[in-house]
Structures are given as C-alpha cells and as structure tokens.
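Engineer: If you read the sequences in order, they're chains A and B.
If you use my numbering, the first sequence corresponds to residues 1 to 255, in order.
If you use my numbering, the second sequence corresponds to residues 1 to 969, in order.
The beta-carbon is built from N, C-alpha and C at its ideal position, and this holds for glycine as well.
Since the structure is predicted, the reported quantities are computational estimates derived from the model, not experimental observations.
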Amino acid sequence: MNNPVQPAPETLAKQLALVIDLNVCVGCHACVTSCKEWNTSGAAGPLTDLNAYGERPTGTFFNRVQTFEADSYPDTQTIHFPKSCLHCEDPPCVPVCPTGASYKRKSDGIVLVDYDKCIGCKYCSWACPYGAREFDEERKVMTKCTLCVDRIYDELLPPQDRKPACVKACPTGARLFGDVKDPDSEVSQAIRERGGYQLMPEWETQPANHYLPRQITLSTVPQAQPNFRLGDFLNGEPASGKHKPGSGAMEKDAR
Amino acid sequence: MFKFLSSEPVHDATASSTADTEVKTTTCYMCACRCGIRVHLRDGQVRYIDGNPDHPINKGVICAKGSAGIMKQVSPARLTQPLLRRPGSERGEGEFEPISWERAYELLTERLGRIRATDPKKFALFTGRDQMQALTGLFARQFGTPNYAAHGGFCSVNMAAGMIYSVGGSFWEFGGPDLDRAKLFVMIGTAEDHHSNPMKIALGDFKRKGGRFISINPVRTGYSAIADEWIPIRPGTDGALFMALLHELLAQGLVDRSFLQRFTNAPQLVVLDEGEREGLFAFDPAAGPPGDGRHPHNKLAWDLASGRVVQAYPEGVEEGRQLALEGHYKLADGTRVAPAFQLLRDRVADTTPEWAEDITGIPSERIRQLAREVGETALHQAFELPIPWTDAWGKRHPTTQGRPVAFHAMRGLAAHSNGFQTVRALAVLMSVLGTIDAPGGFRHKAPYPRHIVPNYRAFNDPSMIKPNTPLNAAPLGFPAGPDELAVHEDGTPLRIDHAFSWEHPLSAHGMMHNVITNAVRGDPYEIDTLLIFMANMAWNSTMNTMEVRKKLNARGEDGNYKIPFLVVCDAFQSEMVAFADLVLPDTTYLERHDVMSMLDRPISEYDGPVDSVRVPVVEPTGNCKPFQEVLIELASRLKFPAFTREDGTRKFKDYPDFVVNFQAQPGVGFLMGWRGKDGTEHLRGDPNPRQWEMYARNNCVFQYHMPEDQQYMRNWNQPYLDFAKDKGWRQRNDPVQLAIYSDTLQAFRLAAQGKSKGRQPPEHLRERIATYFDPLPFWYAPLETACIDADRYPLAAITQRPMAMYHSWDSQNAWLRQIHSHNYLYVNPRTAQEAGIEDGGWAWVTSAWGELRCMLRYSDAVEPGTVWTWNAIGKGSGAWQLAPAADESRKGFLLNHLITEELPFAGGHISNSDPVTGQAGWYDVRVNLRPAAPEEPAETFPQIATVPSAPGVLGGARKVLAYLVPRKP
C-alpha cells in the first residue's frame, strides 16, 4: 500500500450519529423500509431490487435488522439488532477507495459514497468490518446509509422533519440522532447515562453510532429470590446444543 | 471539467428532493392499526409516505408495512378489471375473460334480484379484513339475508366476547392497557398484533420509564424480546395460569374488596337451590321481574352491617352497608343463596399453582411470585388521581383510584377452543384487582364500555326472512339468552355458518371459517351466491386448505357447482381469485374513501372518541372500484329501502354521499366530526354536506376529549353514561356492573340441563352446553385433545404474524418480502434433536388431520412442547404475481394444512371452534415431527398447480425493480 503508516484520524468538531436503544427495539423493521422508501427517490436513489417478485429476492437496503438469540432456554434472550453504516471516525472504507469516491464529510462526519466517482470495485465493502455497505447490482456502485443527508439540511422541510427517515419512523423511539461530539446533545447524554457502546472497538474504527444495552427492571415487589431464573426451576436438562449469539434461529430471516 | 479528479464530491448527496412534492393526508391501511399518514406526491406518483405527526394514533411514527405502501400501490398483483370465469374452465384454474363494470352490475343485479325476490338467505356475504361492517352489515340486512359476517369468527371473537360479556369492553379498539400510569405490564398471548404502533409507542415509553414488563408466551419474539422477563407457557393453558393466579390472590387476600362490592356482581346473591332459578341471581318479586344479562336491576345482596338481605341497588350501595362477599345465606322464603364471589372462591379452591404447573409448564413457585407481584403492585403501590367523579348511585368520589397493573392479551388466548373461558378468567382476574377503567389498569375506548350484555340482538326470527324484505334486526349481535338464538323451532341453525345456534351460541362475529364447508354440504341448506370480500378462503384464511379448495370446486350429481355462483372482490390476485366466477377489482387504500366510524370500528383513544377517514390521494388504477361503491350501486339498483327514495330513485349518489347523509338515528351518522349544516356541531348533529372536506382539511381525523372527570370508571360514571346515551353511543345509561359471575351463561346451562322453561337445545348438544356455559371461568383442555391420540401428537403448533407483514397481503410487496420471503418451523433444539432433525433440515409435520413438509430451524426462544411459524407467508404458485418458483411457494408453507375446520362430534361433526363463541381453534392443533428423507425434493409440501396471470392484472414484475420518482429537472 502507498502509505504503511496510517495518519491519525482527523478529529472533527461535529460527528452526527445514530444511537440505537436495544432496550426498546422490538424488531419491527420500520427503520428498514422507511429508509428504503425515502432514499430510493432521494439523492442516493434508486435503491434497486433484484428478483423483486421471484426466487431469492435481494435488494439494496441501507439499514437492516438482524435478529438473534442469546443464552439457552428458558433464559433465552431474543435480540433485534438494527444495523447500518456506523459512520466511523476512522473509517477503513475511505482510505482503500482508489478513486476517492468513499469520503467522510469534514463538516459533520457523515461517511458517503460519491456515485459519480465510484467504479464499483468493492474495496470499501471488504474493508468495512461491519458489513454495512450495500452494492447496487444495477448501477454497479457502492451505496450506504447517508444519515439522510438530503433530509437533515433540507430547509424546505419543517425543522422537526429534518431527521433521518428511520429516526422519524421508529415506533418505539429506539433511534436517537445527533452530534456525539456535543456533550449536551441527546445522543451524548444517552451514551453517558445508559452505557452506550460501540461495535467492535478493538478495530479502532471509532464508530460514531452507538448502541444502548438492555436494561432489566426487576420485580415491582420484594421477592425471596430477586433474580428469578426460570432455568433453575424447570425440571430436566437444560436444552442441549446451546446457541451462541449470532447463530440464532431467526437470523436467516433478517438477512 | 476533470471534476472527477477533484477532492470535492461530484454527486450532490444533499440535493433536496422535496421541492416539488405535494403532501396529502389520509389513513394507512397496510394493517388494521389505522395510523395517520402523509402521502408525498410528485405528479400523482407516490414519492414517500410517512407518519402524520398530528395524528393521535401514531403521532408521526410509521411501521415497516406503512413505509412499504408504495410497493402495494405498484404491485404487479393488482387487479384492474372485472373478470368472468372463462366458460368451460374449472374453478381454481384462474382462467378469466375481462368484462365491463356495467356487465358485472347487470349480472349481479339480475342474480341477486332473483334471489332476493325468492329466498334471500341463499345469498351469503362474508368479508375479510374490512373496516366497514356498518355498511356491509346494512347491505346484508337490507337484502334480507342473515348470512353475513366479517372475519372476527376466525380472528379474535373470544377476546371480544370473553371480555365484553365480563367487563363491557375488550382489548384493541375497544380498550387497552394504560401504560402511561402502569408500573407492571403483563402481556399474554400477544406477539405483534392489533393496534401495533400505539402499542410500540407505549411500550417504548414504558420501558424508558423503568416500567416492569413480563411476557407470558410460548415464544419469545416481537414485543416479548424486550420483556424484562419471559415466562414460557404451553399453548392453550393460559386459563389454568389465570385460575391459579386467582387462587393465590384470593387466598392471600390480594383483592380490591370495596371495588368488588360496589362495582361488580361479586356480592350479588346466587340461588343455590335446584330448579329453574338455580345459579341465577336471586331477586325480589315485589320489585318486578328478575334481572338478567341485559337488565342488571333487581338483584339482592347480604348486608353484614344490618344482618339482612338488601336490594343490591340502590340499598346495597348506601353509606354504611357492608355487603358480604363470602358466606351462605337464606332468603326469607328459605331459598339458599351465596354471593357470587363465594362461588368464585369455591371454584378456585383447587386451582392451585401446583395444579397449574402440571398444565402450563410454569413452576408453581413462579406462579406464586407472579400472583404476589400483580396483587401487591395493584393494591399496595396504588395511587389516586386528584380527579373527583360521580358514580351511578350519586356518590361523589373525591379522587380516582389508580391500579398500576395493566394486562394485554390477544389471539394467543383467543384462538383456542377454550379461549372464551380463558379470556373470562383474565377479565375476572383484572376485575378482582380493581383495574377496570382505572388509571394504570385497563381502560375503555368509546363507544365502550357496552352494556353487559350489549343491547344488540342478532337477527334470530326465521319468519322474518321474507322475499324483498329487509331483516328486522342486524345479522350480528350479542345474544343474552337462549331466546335470542338464530335457530328454528327444532333447534337447527338459521344461518349457513351455524352462528348463534346451539352449536356456538355467542358467536358474535359469525363463523366465516365454516361457510364453504357448510354450503357445499347444504347444511342447513344450499345457497346460490357467495360473495367474498378480501378474504383468502382458498388459502391462508381457511382451515384445511386443500380440502376447502376441492369444496370450492365441488359439483353435485346434476353437474352444477354446489356453490352455484362465487363472487370475489379483492385488490390483488390472491389464491381465492382463481376460484371466482366473477371477480370485482377493488382499489388500494390510497385510491378510496373509507370511514373508521363510531357505528363500526372507530380509533378512539382512552380519553375520548376518535373517528377518521381515508380520502383518495391517487387516481384509481385501471378499472378498479372501491367495494363500498359497488355495494352502494348494487343496493341502489336492487332498490333496498334504505337506499331508495319514495319515488323509487336512488337516495345516494355514491359512497361519500352515503357516508355524509345516512343516519343511524337522528343526528347520528357515520362520522361524528363537523356535523350540522354549517359544520359546527360535533358528535351529534344534522348531516353536513361539506363533512369530507372538513376531515380532509384536518388530517382526516376527528378527536374529542372527554372532560377529565368522564375519562375513568366509565362503567359507573353517571355523567359519562348520560353523555354517551345522549350522543347515541349507548341505548341506556345504566351502570355496567362487571360480571364476575355470568348469569347469561347460566341461562344457557339451565336450558341445557332442562331446568328452564324456554328453548331447549337439541339432545346431542345438551351436555356440551351444560359443560362450557359455566357461569364462572374454568380451564379445560382444547377440544382437539379429546379427538386425537394425544401421545402420537405431543407438540402444540401455532403461528404468529411477523411485524413486517399483515397476513397474506404483503408477499406481493417487493420490499417486505425481502424481510420474509419464506418461513421455517421454529423448534426448540431439544425437541428437534429428539426427532432427529438438523438445524435447517427438511421435516414432515403431521397432525391428526394432515401433513406438510417444511424447513426447520432450531430456536431457544420457544418452549420445548411448542413449534411455530409465521402465518400466511406461504403462497400458491403463481398467485400474487410471484414467479412460479418464488420462495413463498417453494420454501414457504402454511400451517393451515394441518388444521381441521371440523371435529368429530356426536356421530357427526361440529366446527373446530370454541363451543361458546365459535372462534376458530387455530392454535389447538397437535403435531409430531420426523425428518424428511434425503431423496425427497427440497420444497415444501403440499404444492398446487401454478395459476396463470389474470387478464388485466397490473403485472410488470421485473427482474430488476428500481423505484424512483425523479425530481423535476
């Protein structure tokens, strides 16, 4: 590669991001189709579908919800996990782009693809450790979440609508949007107060998007055994073939 | 030039695409939730649909389905042309010829006119997911046929009837959990369902506030995923859990005694002596006739303070009374009596947590803890709102008592043949905790609470089926006793679906799931024309799908079809369309007028009534017509009295005209907003010719906020009851005492036991009625269990609806089908391994009624005795304009193939339904598993022949779809 020593990432004053609250996400996919619907006719569109009415339909979605299980019966957790581009502060998809199509905006940290420069080589999708990029098979360009950059600054929209489509749509309010560099923003407060975390920090990509963990409310009345684990009470062996997170049953559906 | 070499982006990612869009508001119909939407249009094309922030139901949010509405609008499966089955072709082959609407109207007018002039009951109208029953019901009534219902019988009538006969209201549009004020929320038998966005909004807020959420369900998906605790339960056993909770609450004294004394029939004295009054409420002969289900007056109670019997009202609620809830007493004439609550105590004496553990699979210790948690939270963590209110006996309550425990339940309880009594048990549980219409508990939505029993008698007089004559009552209603059953003198059913007969007396929503089987058998008679609107009865909306498909095509010895004429109205080329003789193409929700009416199924909120409309935001596609317009046209051509002026001319120009000008009673019409000549009157007033315009200008919704002191305790809130009567929401302003004990059910039981004088059931049904019409809730095993070798079929099999799909509607949706293009059978790994089936492997699933082959997935989110799958994803090859090899038909499957629509009974057969309400017992089916052989084809079984494209279908299913409404240059 042309430069074996990567420069330290430039620290931006503003970094827009999503903070996703797994404590309330019920996996309804509102964020998935509202994103598709907005963006297909927006600046990033169209978002193409292949075999739309045939075998194995597949298409471009900037945002997907994966569902997996953790722990084993009866103490199973079912987790709905919405995932889109994390708008890393040090995005590995940007330096690998041979044409400069993959870029990070200095003004707000949004990572974008310039379709007019993209040659569809897919280096960026190989570099992305999160699998967040979506190749458009029709246009042969790489696409991805834009944080609805064509909405959030659109002065023709009323101020309350200048949000990403997924954030507006989310029925449980599981998606917060704002500047993670502003300590007083709603997202920064949520990260601080709710233990917000980044995905795979060991990759040092510094994802801007954060996730808020589950919070369990215990019994409303004092119980002899406050942390009741059903598995301790049910007769018989715990289910064999314990499932690891990520190998859960419904994962295929969420693909 | 060379801009591509610059470091600045060339493609403008921020370019606005909103400049030339026009926004119209209407109401969503991607499911039955009925959210407000904003449709953003460019040159008449839908660019974007988002939630309307100014709408009370969804407050700006929208779900996966609503956001994919565009793909429904442009679906290649859209029907655009009336179609007539090609002469010589068989039903099911889907061979059609296009005809004009005029020809379709002529055909229908001639045929229906002939039926109406001879034997009107030979016309049957059954509708699926419609939200216009006030019109479809009126059409049937004016036609003069009792053979009408919507889909409630196979949906959730147990939930509706079980709670309405107990507390006067039910979940969903009738009422729901008050999560704004609850501390503890217990959700049972609900995945994602009715009222989905409001439930999601409320759940999100509730969780953020730190509320405690317990989900009791065989499966942990959807809402249950975010529960603080998941308690797995075996399907069909929820009633046993409730009975055990009642046992514990009563044993521990965790009941709201003063609430029970004043606001329920718990203290009312029940006759214990054998005879025609046995098990009914005692009464004072000097004070008039006895009360019954409809007339709550003239009941007695025992006053411990004075040591004597008192009139339950008004004496029993006077200051200083202390009505007995327990004990055994004697009336002056020697009659032995006991308070209803004593009988409940007796009933739950043996329903211990240990008893329930064996049935439900929930450890008894967990049941005890749950009872303590709901009981202590409701009673010891209660709060009062500073809202004074006045009850039906004139008592001014200085505050409103909150009870911060809310429940929610839906089809997981309802879709069992023991669902009515299970829902009754839940209603009684909610009642003993004092949570009914209390802050933090269960709250009604106008026009509920209804009376117990609602003042709507279903049509039931055989002599009133007369040529060219409307029925003297609506086809559907709520029977209050055997005399209101729709039966002949000999006890045989009056209706083709056997609803309101002794087989299923309280089938308030009809029994659509038995119409085809009964009609083909000629039981109780043959019909001529069956009109099905928006119900996929040849596929996922029917039990026993493959046999029902044969029945739709069955011919008699004369070579004629057993159902001579089959009319299907739908917007899409569903599997049912292929069986139609005549196809009527409906519009989508974006192309039509609709009303969500107080006469029907409004979208009311807890604090007051709300109704709403749809208005067309795009032009109809092809020659589609809204089904309502078709009904108005036919009603006018057939000259139904309600649709015809005295001079014989038609009364209503079209559906919008009908909505504005039809009045159910003076001043009460379909829409309650902007009434009166000048649009200044709300709730009640003269028709306003500009009413549609006012709705369109106001987000298509009208919301009325009741004064604060009329927002709670509405069963007994006198100013509310007076107001509701005045506005036409109820016929009387009597209080609605909760039916801890149901004398209505007892009236049927007495008839079955031969103890009462009136109508008696046929001999073969006596024991059934006597068993299941128990005035107190009880648990029994679902009826299928007794009909099969239970050891051979050890697993319960159930379905759920995925959040991103609404029944069969969304497989034609290019975006939604990418979320679920096919389904698996989800099985606990232990169960699957015992059966020798790999994760992802093909398996045979067999019930006593049928078998299917499908792919299986291991899941730890399902209890080991249950297997489940998503409902209605499996499709018939070629239907819905999906490619013949589409995942839906080759890898998707329906559980319906394993479910029977009838059970063997008394040497014959009877509907596989709840014996009280006729609710289809979808979730009763028991199955076993075995691996498919390696040489078997990797596709689901059964498969059906590919149906061809219907003429005029929108089509255009492309390999590459790139939906784009471009900006103007």
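Given a cut-off of 8 angstroms on the beta-carbon distance, is the pair Glu591 (chain B) and Val568 (chain B) in contact?
Structural biologist: Start at 1 with the first residue of the second sequence, and residue 591 (chain B) comes out as number 591. Start at 1 with the first residue of the second sequence, and residue 568 (chain B) comes out as number 568. Contact flag unset, no.
Engineer: Compute the Euclidean distance between the alpha carbons of Tyr48 (chain B) and Ala202 (chain B), then round it to the nearest angstrom.
Structural biologist: On the second sequence, position 48 is the one that residue 48 (chain B) refers to. On the second sequence, position 202 is the one that residue 202 (chain B) refers to. Rounded to the nearest angstrom, the two C-alpha atoms are 26 angstroms apart.
Engineer: Measure from the C-beta of Gly673 (chain B) to each C-beta in chain A and report whether the shortest distance is under 8 angstroms.
Structural biologist: Walking along the second sequence from the start, residue 673 (chain B) turns up at place 673. Not one chain A Cβ lies under 8 angstroms of Gly673 (chain B).
Engineer: Does the beta-carbon of Ile20 (chain A) have 16 or more other beta-carbons within 10 angstroms, so that it is buried, or is it exposed?
Structural biologist: Here residue 20 (chain A) refers to the residue found at position 20 when the first sequence is read from its first residue. When all chains shown are included, Ile20 (chain A) counts as buried.
Engineer: Please report the residue range of the alpha helix (DSSP H) in which Leu187 (chain B) lies.
Structural biologist: For this step, residue 187 (chain B) is matched to residue 187 along the second sequence. For the sequence presented, residue 187 (chain B) should be read as Met rather than Leu. Unbroken run through Met187 (chain B) is the beta strand (DSSP E), Leu184 to Ile188; no alpha helix (DSSP H).
Engineer: With DSSP as the reference, identify every bridge partner of Pro585 (chain B), one or two as the case may be.
Structural biologist: Along the second sequence, read from residue 1 onward, the residue named residue 585 (chain B) stands at position 585. B:Asp570.
Engineer: Excluding the 5 residues preceding and the 5 following Met250 (chain A) in the sequence, name in chain order all residues of the same chain whose CB lies nearer than 6 angstroms to its CB.
Structural biologist: Along the first sequence, one-based indexing puts residue 250 (chain A) at 250. Because the pLDDT of Met250 (chain A) is 37, which lies under 50, any placement of that residue in the model is unreliable, and the number read from its coordinates should be weighed accordingly. Here the set comprises Thr67.
Engineer: So, under 8 angstroms CB-CB, Asn715 (chain B) and Gly307 (chain B) are touching, yes? Tell me the CB distance rounded to an integer number of Å.
Structural biologist: Numbered from 1 along the second sequence, position 715 holds the residue referred to as residue 715 (chain B). Numbered from 1 along the second sequence, position 307 holds the residue referred to as residue 307 (chain B). Actually they are not in contact, since the Cβ atoms of Asn715 (chain B) and Gly307 (chain B) sit about 29 angstroms apart, beyond 8 angstroms.
Engineer: With H, G and I counted as helix, E and B as strand and the rest as coil, what does DSSP make of Asn3 (chain A)?
Structural biologist: The count along the first sequence starts at 1 and reaches residue 3 (chain A) at position 3. Unreliable positioning characterises Asn3 (chain A) in this predicted model, as indicated by a pLDDT of 45, which lies under 50. The coordinate reading is nonetheless provided below. Of the three classes helix, strand and coil, the one that applies to Asn3 (chain A) here is coil, per DSSP.
Engineer: Could you list which residues in chain B have their beta carbon closer than 7 angstroms to that of Ala43 (chain A), in chain order?
Structural biologist: Taking the first sequence and counting its residues from 1, the one referred to as residue 43 (chain A) is at position 43. Here the neighbours are Asp12, Ala13, Thr14, Ala15 and Ser17.
Engineer: Between B:Gly622, B:Thr545 and B:Thr799, which lies nearest to Leu79 (chain B) when the distance is taken from Cα to Cα?
Structural biologist: The residue you call residue 79 (chain B) lines up with position 79 of the second sequence. Here the closest residue by C-alpha is B:Gly622.
Engineer: If the cut-off is 8 angstroms on Cβ atoms, which residues from the region 208-233 of chain B count as contacting chain A, listed in chain order?
Structural biologist: Cβ contacts with chain A come from Arg208, Gly210, Gly211, Arg212, Phe213, Arg220, Thr221, Gly222, Tyr223, Ser224, Ala225, Ile226, Asp228, Glu229, Trp230, Ile231 and Pro232.
Engineer: Let me know the secondary structure DSSP gives Asn51 (chain A) once reduced to three states.
Structural biologist: For the purposes of this step, residue 51 (chain A) is taken as the residue at position 51 of the first sequence. Of the three classes helix, strand and coil, the one that applies to Asn51 (chain A) here is coil, per DSSP.
Engineer: Quick check on Arg42 (chain B): does DSSP put it in helix, strand or coil?
Structural biologist: Start at 1 with the first residue of the second sequence, and residue 42 (chain B) comes out as number 42. In this structure, Arg42 (chain B) counts as strand in the three-state DSSP scheme.
Engineer: Go ahead and pull the three-state DSSP assignment for Ile37 (chain B).
Structural biologist: Here residue 37 (chain B) corresponds to residue number 37 of the second sequence, with the count starting at 1. Correct three-state label for Ile37 (chain B): strand.
Engineer: Using the beta-carbon of each residue, which ones in chain A are nearer than 9 angstroms to Leu413 (chain B)?
Structural biologist: Your numbering for residue 413 (chain B) matches position 413 in the second sequence. Ordered by position in chain A, no residue passes the 9 angstroms Cβ test against Leu413 (chain B), which lies about 20 angstroms from the chain.
Engineer: Taking the beta strand (DSSP E) that His210 (chain A) falls in, what are its first and last residues?
Structural biologist: The residue you call residue 210 (chain A) lines up with position 210 of the first sequence. Segment His210 to Leu212, the beta strand (DSSP E) holding His210 (chain A).
Engineer: Closer than 8 angstroms by C-beta to Val5 (chain A): which residues in its own chain qualify, once you throw out the five before and the five after it? Chain order, please.
Structural biologist: For the purposes of this step, residue 5 (chain A) is taken as residue 5 along the first sequence, with counting starting at 1. Confidence in Val5 (chain A) is poor, its pLDDT being 49 and thus under 50, which makes the residue's placement too unreliable to answer from.
Engineer: Is there a C-beta anywhere in chain B that falls below 8 angstroms from the one on Asp114 (chain A)?
Structural biologist: By one-based count along the first sequence, residue 114 (chain A) stands at place 114. So, interface residue.
Engineer: What residues from chain B crowd round Arg56 (chain A), counting only those whose CB sits closer than 8 angstroms?
Structural biologist: By one-based count along the first sequence, residue 56 (chain A) stands at place 56. Under the 8 angstroms cutoff, chain B gives Ser821 and Asp887.
Engineer: Going by Cα to Cα distance, which pick from A:Cys93, A:Gly120 and A:Lys140 is closest to Gln206 (chain A)?
Structural biologist: Within the first sequence, numbered from 1, the residue matching residue 206 (chain A) stands at position 206. Among A:Cys93, A:Gly120 and A:Lys140, the Cα nearest to that of Gln206 (chain A) is on A:Cys93.
Engineer: Would you grab the beta carbon distance between Ala150 (chain B) and Gly510 (chain B) for me? Rounded to a whole angstrom, and I think it's under 8 angstroms.
Structural biologist: Numbered from 1 along the second sequence, position 150 holds the residue referred to as residue 150 (chain B). Numbered from 1 along the second sequence, position 510 holds the residue referred to as residue 510 (chain B). Sure, about 7 angstroms apart at Cβ, within 8 angstroms.
Engineer: I think Thr18 (chain B) touches Leu156 (chain A), with their Cβ atoms under 8 angstroms apart; what is that distance to the nearest whole Å?
Structural biologist: Looking up residue 18 (chain B) in the second sequence gives position 18. Looking up residue 156 (chain A) in the first sequence gives position 156. Thr18 (chain B) to Leu156 (chain A), Cβ: 5 angstroms. Contact.
Engineer: Using a 10 Å radius around the Cβ and a threshold of 16 neighbouring Cβ atoms, would you call Arg450 (chain B) buried or exposed?
Structural biologist: In the second sequence, residue 450 (chain B) corresponds to position 450, counting from 1. Buried, by the Cβ-count rule.
Engineer: Using a Cβ-Cβ cutoff of less than 7 angstroms, which residues in the same chain neighbour Tyr448 (chain B) once the five nearest sequence positions on both sides are dropped?
Structural biologist: Taking the second sequence and counting its residues from 1, one reaches residue 448 (chain B) at position 448. Within the same chain, Tyr448 (chain B) has close Cβ partners Gly168, Gly169, Phe174 and Gly175.
Engineer: With 8 angstroms set as the bound, which would you pick, yes or no: does the beta-carbon of Gln943 (chain B) sit closer than that to a beta-carbon of chain A?
Structural biologist: Position 943 of the second sequence, counted from the first residue, corresponds to residue 943 (chain B). So no, Gln943 (chain B) is outside the interface.
Engineer: Starting from Ile798 (chain B), follow the alpha helix (DSSP H) in both directions and report where the run begins and ends.
Structural biologist: Counting from 1 along the second sequence, the entry for residue 798 (chain B) is found at position 798. First-last for Ile798 (chain B): Leu795 to Gln800, but that is the beta strand (DSSP E), not the alpha helix (DSSP H).
Engineer: Kindly say whether Tyr963 (chain B), judged by its beta-carbon, lies nearer than 8 angstroms to any beta-carbon of chain A.
Structural biologist: One-based indexing of the second sequence puts residue 963 (chain B) at position 963. At least one chain A Cβ lies under 8 angstroms of Tyr963 (chain B).
Engineer: Go ahead and pull the three-state DSSP assignment for Phe263 (chain B).
Structural biologist: If you number the second sequence from 1, residue 263 (chain B) lands on position 263. Three-state DSSP puts Phe263 (chain B) in a helix.
Engineer: For Asp178 (chain B), count the other beta carbons within 10 Å of its own beta carbon; 16 or more makes it buried, fewer makes it exposed. Which is it?
Structural biologist: One-based indexing of the second sequence puts residue 178 (chain B) at position 178. Classification for Asp178 (chain B): buried.
Engineer: What is the rounded straight-line gap between the Cα of Asp611 (chain B) and the Cα of His593 (chain B)?
Structural biologist: By 1-based counting over the second sequence, the position of residue 611 (chain B) is 611. By 1-based counting over the second sequence, the position of residue 593 (chain B) is 593. So the two alpha carbons sit approximately 14 angstroms from each other.
Engineer: For Tyr923 (chain B), which three-state DSSP category applies?
Structural biologist: As a working note, residue 923 (chain B) is residue 923 in the second sequence. Residue state, collapsed to three classes: helix.
Engineer: Are there 16 or more other CB atoms within 10 angstroms of the CB of Leu320 (chain B), so buried, or fewer, so exposed?
Structural biologist: Counting from 1 along the second sequence, the entry for residue 320 (chain B) is found at position 320. It is worth fixing the name first, because residue 320 (chain B) is Gly in this sequence and not Leu. Under this definition Gly320 (chain B) is an exposed residue.
Engineer: Output the distance between the C-alpha atoms of Pro238 (chain A) and Asn540 (chain B), rounded to the nearest integer angstrom.
Structural biologist: For this step, residue 238 (chain A) is matched to residue 238 along the first sequence. For this step, residue 540 (chain B) is matched to residue 540 along the second sequence. Because Pro238 (chain A) sits at a pLDDT of 37, beneath the cut-off of 50, its placement in the model cannot be relied upon, and the point is left open.
Engineer: Listing by chain order, which chain A residues have their CB less than 7 angstroms from the CB of Pro76 (chain B)?
Structural biologist: Walking along the second sequence from the start, residue 76 (chain B) turns up at place 76. Ordered by position in chain A, the residues that pass the 7 angstroms Cβ test against Pro76 (chain B) are Tyr53.
Engineer: What does Met803 (chain B) reach in chain A if we use C-beta pairs closer than 9 angstroms?
Structural biologist: Taking the first residue of the second sequence as 1, we reach residue 803 (chain B) at position 803. The answer, in chain order, is Val26, Gly27, Cys28, His29 and Ala30.
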